[in-house]
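Step one of this worksheet: look at the structure below.
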Amino acid sequence: MFERLFKNPRESRRKQRDPYRLNVKVRAPHRTQAQLGKAVMSLAVLLTIGLVSYGSFRAFQYFVQQAFTTNAKYNITAIQVENDGGLSREEIVTLAGVREGQNLYAVDLGAIRGTLESNPMIRRAEIHRVLPDKLRIVVSERVPAAQFFTRALYDGATRRVITPPMGYLIGSDGVVMKPVNPFAVSKDTARLPLLTGVEPGEIKLGQPLSGAQVLSGLNLIHLCQSPDIAPLLDYERIDLSRKGALVMVTRYGGQISFALDDLPAQLKRLKTILIHPSRAGQIIRTCDLSVQMNVPVTYFAPVSANPDVRKGGIHP
Numbered sequence: 078m079f080e081r082l083f084k085n086p087r088e089s090r091r092k093q094r095d096p097y098r099l100n101v102k103v104r105a106p107h108r109t110q111a112q113l114g115k116a117v118m119s120l121a122v123l124l125t126i127g128l129v130s131y132g133s134f135r136a137f138q139y140f141v142q143q144a145f146t147t148n149a150k151y152n153i154t155a156i157q158v159e160n161d162g163g164l165s166r167e168e169i170v171t172l173a174g175v176r177e178g179q180n181l182y183a184v185d186l187g188a189i190r191g192t193l194e195s196n197p198m199i200r201r202a203e204i205h206r207v208l209p210d211k212l213r214i215v216v217s218e219r220v221p222a223a224q225f226f227t228r229a230l231y232d233g234a235t236r237r238v239i240t241p242p243m244g245y246l247i248g249s250d251g252v253v254m255k256p257v258n259p260f261a262v263s264k265d266t267a268r269l270p271l272l273t274g275v276e277p278g279e280i281k282l283g284q285p286l287s288g289a290q291v292l293s294g295l296n297l298i299h300l301c302q303s304p305d306i307a308p309l310l311d312y313e314r315i316d317l318s319r320k321g322a323l324v325m326v327t328r329y330g331g332q333i334s335f336a337l338d339d340l341p342a343q344l345k346r347l348k349t350i351l352i353h354p355s356r357a358g359q360i361i362r363t364c365d366l367s368v369q370m371n372v373p374v375t376y377f378a379p380v381s382a383n384p385d386v387r388k389g390g391i392h393p
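Just add 77 to wherever you are in the sequence shown, counting from 1, and you've got this note's numbering.
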């Protein structure tokens with residue numbers, strides 16, 4: 078009875094609310110110390126893993142160096158070069174930047190390949206290690222599909238030439254290969270089709286020309302090599318200076334205009350015109366193939382009536 082009178086009422090109420098709760102008090106400093114200990118332990122584990130990984134990497138590097146990159150057994154004694162074009166072996170080896178005596182595993186094959194393919198004359202390069210002491214370089218050269226001349230730039234006030242016309246070789250992929258003399262005929266340019274009217278600001282050696290005019294002009298050259306149309310054509314150049322059109326200039330000075338798209342259909346219309354029996358012996362003066370129906374065509378005088386046409390002396 079006396080216990081009930083002197084018992085703490087707060088403690089009595091607390092026990093009545095939750096008779097199973099343990100009255101445990103954790104001090105904040107103890108909890109902070111436990112968290113700090115866990116953080117230090119985690120950091121130590123990560124540091125240990127990093128040191129072990131770095132040590133393993135350095136050990137592997139040392140093993141590779143001793144077994145391969147500094148082993149005289151793998152020093153290059155011969156560089157084999159295979160090429161399908163006109164570059165000489167010495168030129169290719171010089172471009173590759175390798176020499177005999179270098180370690181076969183010390184040279185960077187990817188870097189050699191990139192160096193070679195950065196040359197405008199080389200389309201693709203393959204580099205192989207031939208164990209134990211040979212390096213093999215296989216080069217596929219870029220074949221010029223055409224030559225092109227830039228337009229001369231003139232001063233607006235004096236009409237003096239600021240930039241003279243320049244000539245270049247260009248591959249079928251549109252990559253500018255190398256400059257050529259536009260006023261001289263060489264073995265590189267004698268039989269190549271000619272593109273004229275290219276803007277000089279677009280040209281960078283080793284980089285493709287991206288203009289729609291140039292790409293369509295190259296495509297037209299490719300299509301004109303087809304055996305069903307090539308014997309019927311005798312053209313000197315393709316002019317790109319007219320915006321949105323290609324103008325094929327024939328050996329006699331005739332002008333055949335093409336739209337930039339759907340070139341196969343336009344060549345089909347041209348073939349129909351060239352082989353039409355009612356126009357046998359006549360030479361086209363102008364023709365606009367961008368017109369799908371009733372293509373407008375004009376002709377030079379018949380060959381029999383104008384002997385100068387036979388000699389190629391007619392120029393409009």
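A virtual CB, placed ideally from N, CA and C, is assigned to each residue, including glycine.
Legend entry - Cα-Cα separation between E313 and T171, rounded to whole angstroms: Indexing the sequence shown from 1 puts residue 313 at position 236. Indexing the sequence shown from 1 puts residue 171 at position 94. Per the coordinates, the alpha-carbon of E313 lies some 38 Å from the alpha-carbon of T171.
Inset, instruction - Indicate the three-state DSSP secondary structure (helix, strand or coil) for A382 in the structure shown. - result: Residue 382 sits at position 305 when you count from the first residue of the sequence shown. Its pLDDT being 45, under 50, A382 is placed unreliably by the model, and the measurement read from it follows with that caveat. Helix, per DSSP.
Legend entry - Beta-carbon spacing of Y151, N180 below 7 Å: Counting from 1 along the sequence shown, the entry for residue 151 is found at position 74. Counting from 1 along the sequence shown, the entry for residue 180 is found at position 103. Closer than 7 Å, so yes.
Legend entry - C-beta neighbour in chain C for E177, strict 7 Å: Checking the listed chains, one finds no chain C in this structure; it contains a single protein chain.
Inset, instruction - Can you tell me which of the three DSSP states V117 falls into? - result: Sequence index remark: in the sequence shown, residue 117 carries index 40 (1-based). Three-state result, V117: helix.
Inset, instruction - Go ahead and pull the three-state DSSP assignment for A342. - result: In the sequence shown, counting from the first residue as 1, residue 342 sits at position 265. Here A342 sits in helix by DSSP.
Legend entry - Distance between S355 and F377 (C-alpha atoms, nearest Å): In the sequence shown, counting from the first residue as 1, residue 377 sits at position 300. In the sequence shown, counting from the first residue as 1, residue 355 sits at position 278. F377 and S355: Cα-Cα distance of roughly 15 Å.
Inset, instruction - Just confirm the distance between the C-beta atoms of P285 and D339, as a whole number of angstroms; I'd bet it's less than 8 Å. - result: Here residue 285 corresponds to residue number 208 of the sequence shown, with the count starting at 1. Here residue 339 corresponds to residue number 262 of the sequence shown, with the count starting at 1. Incorrect: roughly 23 Å between the Cβ atoms, too far for contact.
Legend entry - Unbroken beta strand (DSSP E) run spanning S318, endpoints: The residue you call residue 318 lines up with position 241 of the sequence shown. No beta strand (DSSP E) holds S318; DSSP gives it neither H nor E.
Legend entry - Close-in-space but distant-in-sequence residues of the same chain around G178 (CB under 7 Å, 5 per side omitted): In the sequence shown, residue 178 corresponds to position 101, counting from 1. Hits under 7 Å: N152, I153.
Inset, instruction - Mind checking who E177 pairs with in its DSSP beta bridge? - result: Indexing the sequence shown from 1 puts residue 177 at position 100. Looking at the DSSP assignment, E177 forms no beta bridge with any residue, so it has no partner.
Legend entry - 8 Å contact criterion, which T327 and D316 should meet: CB distance rounded: On the sequence shown, residue 327 is found 250 positions in, with the first residue counted as 1. On the sequence shown, residue 316 is found 239 positions in, with the first residue counted as 1. In this structure T327 is not in contact with D316, their Cβ atoms being roughly 12 Å apart against a cut-off of 8 Å.
Inset, instruction - Give the straight-line distance between the Cα atoms of R228 and K264, rounded to the nearest whole angstrom. - result: Locating residue 228 in the sequence shown gives position 151, where the first residue counts as 1. Locating residue 264 in the sequence shown gives position 187, where the first residue counts as 1. Straight-line Cα distance between these residues: approximately 23 Å.
Legend entry - Beta carbon of R362 nearer than 7 Å to that of T349: Working through the sequence shown from its first residue, we reach residue 362 at position 285. Working through the sequence shown from its first residue, we reach residue 349 at position 272. No, they are not a contact pair.
Inset, instruction - Let me know if A111 comes out buried or exposed under the rule of 16 or more other beta-carbons within 10 Å of its beta-carbon. - result: Along the sequence shown, one-based indexing puts residue 111 at 34. The residue is exposed, with fewer than 16 neighbouring Cβ atoms inside 10 Å.
Inset, instruction - Could you name the residues of the same chain whose beta carbon sits closer than 7 Å to that of E279, not counting the 5 residues immediately before and after it, in chain order? - result: Along the sequence shown, one-based indexing puts residue 279 at 202. Once the five neighbours on either side are set aside, the close Cβ partners of E279 are L286, G288.
Legend entry - Enclosing beta strand (DSSP E) for H205 [first to last residue]: Stepping through the sequence shown from its first residue, residue 205 is reached at position 128. It spans 199 to 207 - the beta strand (DSSP E) in which H205 sits, taken as one unbroken run.
Legend entry - Spatial distance of S303 from P341 (CA atoms): Taking the first residue of the sequence shown as position 1, residue 303 is located at position 226. Taking the first residue of the sequence shown as position 1, residue 341 is located at position 264. One C-alpha to the other measures close to 11 Å.
Legend entry - Beta carbon of I199 nearer than 7 Å to that of V216: Looking up residue 199 in the sequence shown gives position 122. Looking up residue 216 in the sequence shown gives position 139. Going by C-beta atoms, I199 is nearer than 7 Å to V216.
Legend entry - For P241 and F226, believed in contact at Cβ under 8 Å, the rounded distance: Residue numbering aside, residue 226 sits at position 149 when the sequence shown is read from its first letter. Residue numbering aside, residue 241 sits at position 164 when the sequence shown is read from its first letter. So it is not a contact: roughly 10 Å between Cβ atoms.
Legend entry - Cβ neighbours of V257 in the same chain (closer than 7 Å, five flanking residues each side left out): The residue labelled residue 257 in the question sits at position 180 within the sequence shown. Cβ neighbours of V257 beyond the five flanking positions: Q224, G244, Y245, L246, S263, D265, T266.
Legend entry - Distance, F335 Cα to G321 Cα: Taking the sequence shown and counting its residues from 1, the one referred to as residue 321 is at position 244. Taking the sequence shown and counting its residues from 1, the one referred to as residue 335 is at position 258. Cα-Cα distance, rounded: 9 Å.
Legend entry - Per-residue DSSP class, three states only, for G274: In the sequence shown, counting from the first residue as 1, residue 274 sits at position 197. In the structure shown, G274 sits in a strand (DSSP, three-state: E or B).
Inset, instruction - Taking R346 as the reference, give the member of Q369, R213, G358 with the closest Cα. - result: Taking the first residue of the sequence shown as 1, we reach residue 346 at position 269. If we check each option's Cα against that of R346, Q369 comes out closest.
Inset, instruction - Put Q302 into one of helix, strand or coil per three-state DSSP. - result: Within the sequence shown, residue 302 is the residue found at index 225, counting from 1. Here Q302 sits in coil by DSSP.
Legend entry - Three-way DSSP call (helix, strand, coil) for M351 in this model: By one-based count along the sequence shown, residue 351 stands at place 274. A small correction: the amino acid at residue 351 is Leu; Met does not occupy that position in the sequence shown. DSSP places L351 in helix when its eight states are reduced to three.
Inset, instruction - Leaving out five residues on either side along the sequence, give the residues of the same chain with a beta carbon under 8 Å from the beta carbon of Q157. - result: Along the sequence shown, one-based indexing puts residue 157 at 80. Closer than 8 Å at Cβ, skipping near neighbours: V207, K211, L212, R213, I214.
Inset, instruction - Report the three-state DSSP secondary structure of Q224 (helix, strand or coil). - result: Here residue 224 refers to the residue found at position 147 of the sequence shown. Strand, per DSSP.
Inset, instruction - Quick one: using the 10 Å Cβ neighbour count with 16 as the cut-off for buried, is P373 buried or exposed? - result: As a first step, residue 373 is located in the sequence shown; it is residue number 296 there, counting from the start. By the neighbour-count rule (16 or more Cβ atoms within 10 Å), P373 is not buried but exposed.
Legend entry - Range covered by the beta strand (DSSP E) that runs through A188: The residue given as residue 188 occupies position 111 in the sequence shown. Looking at the DSSP string, A188 is not in any beta strand (DSSP E); the run it does join, the alpha helix (DSSP H), is 186 to 194.
Legend entry - Pick from G330, I189, E218 that is closest to G163, judged by C-alpha positions: In the sequence shown, residue 163 corresponds to position 86, counting from 1. It is E218.
Inset, instruction - Using the DSSP secondary-structure output, state which residues sit across from T240 in a beta bridge. - result: As a working note, residue 240 is residue 163 in the sequence shown. In DSSP, T240 forms a bridge with L230.
Inset, instruction - Determine, using beta carbons only, whether E194 and A202 come nearer to each other than 7 Å. - result: Position 117 of the sequence shown holds residue 194. Position 125 of the sequence shown holds residue 202. Their beta carbons are under 7 Å apart, which means E194 touches A202 by this criterion.
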